[in-house]
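Start counting the sequence shown at 350; every next residue gets the next number (the working numbering).
We treat Cβ as the ideally placed atom computed from N, Cα and C, and that holds for glycine.
These numbers come from a predicted model, not from an experiment.
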Amino acid sequence: MKSAIAGVAALLLTHAAFAEDTAKPAPVKNVVLVHGAYADGSCWSEVIERLQKAGLHVTAVQNPLSSLADDVDATRRILALQDGPTILVGHSWAGTVISEAGTDPKVAGLVYVAARAPDAGEDYGALAGKFPTPPASAGLVKAGGFAQLSEEAFLRDFAGDINPVKAKVMYAEQGRIFDTLFASRTTQAAWRSKPTWYAVSTNDRTTSPQLERFLAQRMKAKTIEIASSHLSMLSHPDEIANLILEAAGQTH
Numbered sequence: 350m351k352s353a354i355a356g357v358a359a360l361l362l363t364h365a366a367f368a369e370d371t372a373k374p375a376p377v378k379n380v381v382l383v384h385g386a387y388a389d390g391s392c393w394s395e396v397i398e399r400l401q402k403a404g405l406h407v408t409a410v411q412n413p414l415s416s417l418a419d420d421v422d423a424t425r426r427i428l429a430l431q432d433g434p435t436i437l438v439g440h441s442w443a444g445t446v447i448s449e450a451g452t453d454p455k456v457a458g459l460v461y462v463a464a465r466a467p468d469a470g471e472d473y474g475a476l477a478g479k480f481p482t483p484p485a486s487a488g489l490v491k492a493g494g495f496a497q498l499s500e501e502a503f504l505r506d507f508a509g510d511i512n513p514v515k516a517k518v519m520y521a522e523q524g525r526i527f528d529t530l531f532a533s534r535t536t537q538a539a540w541r542s543k544p545t546w547y548a549v550s551t552n553d554r555t556t557s558p559q560l561e562r563f564l565a566q567r568m569k570a571k572t573i574e575i576a577s578s579h580l581s582m583l584s585h586p587d588e589i590a591n592l593i594l595e596a597a598g599q600t601h
């Protein structure tokens, strides 16, 4: 009798352990990082170093910033190179890109860093217009069909808490955008079907923090707030890396 009871107990424990294992998906090892406007893939350098140290396979997309379709294609090319489930991360404008590209079956979760997160077909400009206009908007300089930030706006409003020497280098390297890029509309919203995380930059002068909070709440994203400029991945890389590790199911 005792042996029968022991057998049943062991069986129940085995089932419980199995249920626990199946309830928790295996940690994700691949991360794809997508940069936004006025930047390039190097803006992720501090985060990349931390994720690689944690054992993750990390790739940064180099967006052409010429159209939503071009940026989505660039992101999909990198996703195609991944060997399994992947966390897709977007900063700023790239939130639009990952919302479109994130329906890829390899994408296990989405992380938005001070990022746009439009719904499918949404007029994002009209939505943003309901919130305070960020100071950086006044610093756009246009020429030849492309736009960039003035040096003053870049240093003060875009990279306000970055080392000034580093910020000036980034200003020189900034990714110029096609001047109608922000009018693009997505055809799908991956955040409606994928787990999401969001990092709000509370000192952001490029995107309204109130808008960021609204987007995070609308997505029902796991949200953190960082007292940061728009470039939290450079000024607060530990917090951003830890959020990505959490999304990937990694301990840290």
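For Val380, the beta-bridge partners assigned by DSSP are Val407, Ile436. Within its own chain, the residues whose Cβ lies closer than 7 angstroms to the Cβ of Glu395, once the five positions on either side in sequence are excluded, are Met582, Leu583, Pro586, listed in chain order. Residue pairing for Ser550: DSSP places it in a beta bridge opposite Ile575.
Burial of Pro483 is indicated by the presence of at least 16 other C-beta atoms within 10 angstroms of its C-beta.
Runs of the beta strand (DSSP E) lying entirely within the segment 452 to 519 and spanning at least 3 residues, in chain order: 456 to 462, 489 to 492, 495 to 498. Here Lys543 is not near Val407, since their CB atoms are 8 angstroms or more apart. Proximity of the segment 531 to 551 to the segment 425 to 434 falls short of the contact definition, fewer than three beta-carbon pairs being nearer than 8 angstroms. Taking 8 angstroms as the upper bound for CB-CB distance, Val446 and Val421 are in contact here, some 6 angstroms apart. Excluding its 5 nearest sequence neighbours in each direction, Glu500 has C-beta neighbours in its own chain below 7 angstroms: Tyr520, listed in chain order. Assignment of Thr445 by DSSP, reduced to helix, strand and coil, places it in the helix class.
Leaving aside the five residues that flank Ala485 on each side, the residues in its chain whose CB is nearer than 7 angstroms to its CB run, in chain order, Leu498, Ala502, Asp506, Phe507, Arg554, Thr555. Taking the Cα of Thr435 as reference, the smallest distance to any Cα among Ala409, Asp419, Ala418 is reached at Ala409. Taking the Cα of Gly404 as reference, the smallest distance to any Cα among Ser416, Lys378, Thr529, Thr572 is reached at Lys378.
By the CB criterion at 8 angstroms, Ile593 and Val460 fall inside the cutoff. The beta carbon of Ala570 sits closer than 6 angstroms to the beta carbons of Thr545, Trp546, Tyr547 from its chain, once the five residues preceding and following it are set aside; these are given in chain order. Between Leu530 and Ser416, the CB-CB gap stays under 8 angstroms.
Distance from the CA of Arg534 to the CA of Asp432, rounded to the nearest whole angstrom, comes to 30 angstroms. Assigned with DSSP and collapsed to three states, Thr424 falls in helix. The alpha-carbon of Ser557 is positioned some 25 angstroms away from that of Ala418. For Ala532, same chain residues with a beta-carbon under 8 angstroms away, outside a window of 5 residues either side, are Gly474 in chain order. The beta-carbon distance between Pro376 and Gln523, rounded to whole angstroms, is 35 angstroms. This is too long to meet the 8 angstroms contact definition. Lys402: member of the alpha helix (DSSP H) spanning 394 to 402, first to last residue. The alpha-carbon separation between Gly494 and Arg525 amounts to approximately 10 angstroms.
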